[in-house]
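*Asks:*
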Amino acid sequence: MVAMRVATFAQSNAMIADALRVQSVMANEQIQESSGVISTDFGGYGSTAQHVVNLQVSVTRAQSYIDAATLADSKVQVMYSAVGSMTDIITQLRSQLSAASTGSTTETNSVISSAQQMLQEMGSLMNTQYDGQYVFAGGKSDTAPVDLTGFSSGTGSTTTADTSYYKGDDEIASVRVAADETVSYGVTADNSAFEEVMRVLKFVANSTSLSSSDISSALDLASTALDDTAAVQAKLSSAASSIETASARQTDYKSYAETLSSDLTSVDVAAITAQLSTYQAQLTASYSAISKILGMNLASYLK
151 MVAMRVATFA QSNAMIADAL RVQSVMANEQ IQESSGVIST DFGGYGSTAQ
201 HVVNLQVSVT RAQSYIDAAT LADSKVQVMY SAVGSMTDII TQLRSQLSAA
251 STGSTTETNS VISSAQQMLQ EMGSLMNTQY DGQYVFAGGK SDTAPVDLTG
301 FSSGTGSTTT ADTSYYKGDD EIASVRVAAD ETVSYGVTAD NSAFEEVMRV
351 LKFVANSTSL SSSDISSALD LASTALDDTA AVQAKLSSAA SSIETASARQ
401 TDYKSYAETL SSDLTSVDVA AITAQLSTYQ AQLTASYSAI SKILGMNLAS
451 YLK
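In terms of my numbering, the sequence shown opens at residue 151 and continues consecutively.
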């Protein structure tokens, strides 16, 4: 029996070492079970670590493009709505000019009065803000782009362009929606379509009376302004479509990259749980066997 005790010394040590190894594996898998991932640091991913890093960087970059596109799209929607209101103004002016073309003094006075109010409304629309920024100011988005103080006085003209109301710059806003794609969407308040609206409004608003030729000239300019303003609105719609399409592509890519990353980093929790159960049974049996072996000694044998 003593010979057996000496012979089992190495075996008991090996069993203890094996039990400790199983216990270490279990501790690691318990962390995996609770976290749902293979490792809490990149070192635990071995040769796939660089792939995981690259995918996570791609996800972050895609999200930055999505965020930028979302902000730009919101600005475009605000601009589109404002230009729609401008279209309503010029449409109303045309209607009133047509009514005044009959020579009625009442209609003439009415369109002059309305033009004065519309001029103020146009100024307000071109000073539209979103998220604290003036959307029609170009790069000077922290400054109101339109000041009617000097512009609204003096004789107007239907033939000479006048952008003296504009205080912004000529920078056209754009947004990067991918590494190799940028969408320009900006429109400044000195845009030729807006200038035409402002010009005809100033001409009518500052008139003391309107002759038939004045009304005809104003109607022609109003019609041109309406077409050009509608074109600006169509351009904004196209920009919004491009931005939203690009954002959707980035969203799809982000989802794809996240799935690939998850495939590399995630564990099958159900399989880990089942494996832990097996390890637990194995460990219990090992400790039981070790306990019996360590309990065997010469004193016990001599009794």
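Heads up, the beta-carbon is just placed ideally off N, CA and C, and yes, glycines get one too.
#1: Might you give, ordered along the chain, the residues of its own chain that have their beta carbon closer than 6 Å to the beta carbon of ALA265, omitting 5 neighbours on each side?
#2: Pull up the distance between the alpha-carbon of SER248 and that of LEU369, whole angstroms please.
#3: Excluding the 5 residues preceding and the 5 following HIS201 in the sequence, name in chain order all residues of the same chain whose CB lies nearer than 7 Å to its CB.
#4: In angstroms with no decimal places, state the Cα-to-Cα distance between THR256 and ASP330.
#5: In terms of alpha-carbon separation, which member of SER245, TYR284, VAL347, SER274 lies closest to VAL261?
#6: Would you identify the three-state DSSP class for TYR335, choosing helix, strand or coil?
#7: Taking the alpha-carbon positions, what's the SER412 to ALA212 distance?
#8: What separation, rounded to the nearest whole angstrom, lies between the Cα atoms of GLY253 and SER366?
#9: Name the residue from SER391, THR409, ALA380, ARG399 whose alpha carbon lies nearest to the alpha carbon of THR241.
#10: For the alpha helix (DSSP H) containing VAL202, name the first residue and the last one.
#11: VAL327 and ALA219: beta carbons closer than 7 Å?
#12: Would you tell me roughly how many angstroms separate the C-alpha atoms of LEU243 and ALA372, rounded to the nearest one?
#13: Per DSSP, what are the beta-bridge partners of GLN324 in this structure?
#14: What is the C-beta distance between LEU410 and LEU269, in whole angstroms, given that I count them as a contact (C-beta under 8 Å)?
#15: Give every residue of the same chain whose Cβ lies closer than 6 Å to the Cβ of ARG399, excluding the five residues on either side of it in the sequence, and list them in chain order.
#16: Taking the Cβ atom as the reference point for each residue, do GLU346 and THR309 lie within a distance shorter than 7 Å?
#17: If I follow the unbroken alpha helix (DSSP H) through PHE301, where does it start and stop?
#18: How do the region 277–288 and the region 301–315 stand: do at least 3 beta-carbon pairs fall below 8 Å, yes or no?
#19: So does SER366 have its beta carbon nearer than 6 Å to some heavy atom of the ligand FMN?
*Replies:* Let me lay it out:
#1: By the criterion of a C-beta distance shorter than 6 Å, ALA265 is surrounded in its chain by LEU351, VAL354, ALA355, once the five residues flanking it on both sides are discounted.
#2: Cα atoms of SER248 and LEU369: separation of roughly 8 Å, rounded to the nearest angstrom.
#3: Spatial neighbours of HIS201 in its own chain (CB-CB distance under 7 Å, excluding positions within 5 residues in sequence) are listed in chain order as LEU414.
#4: Looking at the two C-alpha atoms, the distance is approximately 59 Å.
#5: Per the Cα distances, SER245.
#6: Secondary structure at TYR335: coil, using DSSP grouped into helix, strand and coil.
#7: If you take the alpha carbons of SER412 and ALA212, they lie about 16 Å apart.
#8: One C-alpha to the other measures close to 12 Å.
#9: Closest by alpha carbon: ALA380.
#10: It spans 199–250 - the alpha helix (DSSP H) in which VAL202 sits, taken as one unbroken run.
#11: Yes, these two residues count as a Cβ contact at 7 Å.
#12: Computed Cα separation, rounded: 8 Å.
#13: Going by the sequence as given, residue 324 is Ser instead of Gln. Under DSSP, SER324 forms a beta bridge with SER334.
#14: Contact doesn't hold; Cβ gap of about 57 Å is too wide.
#15: For ARG399, where only same-chain residues beyond five positions count, there are no Cβ hits under 6 Å.
#16: Annotated as distal: GLU346 and THR309, with beta-carbon spacing of 7 Å or more.
#17: Taken as a continuous stretch (DSSP letters only), PHE301 belongs to no alpha helix (DSSP H), as it is neither H nor E.
#18: Segment contact: the region 277–288 against the region 301–315, fewer than three CB-CB distances shorter than 8 Å; contact not assigned.
#19: Among the components modelled here there is no ligand, and therefore nothing to report on the ligand FMN.
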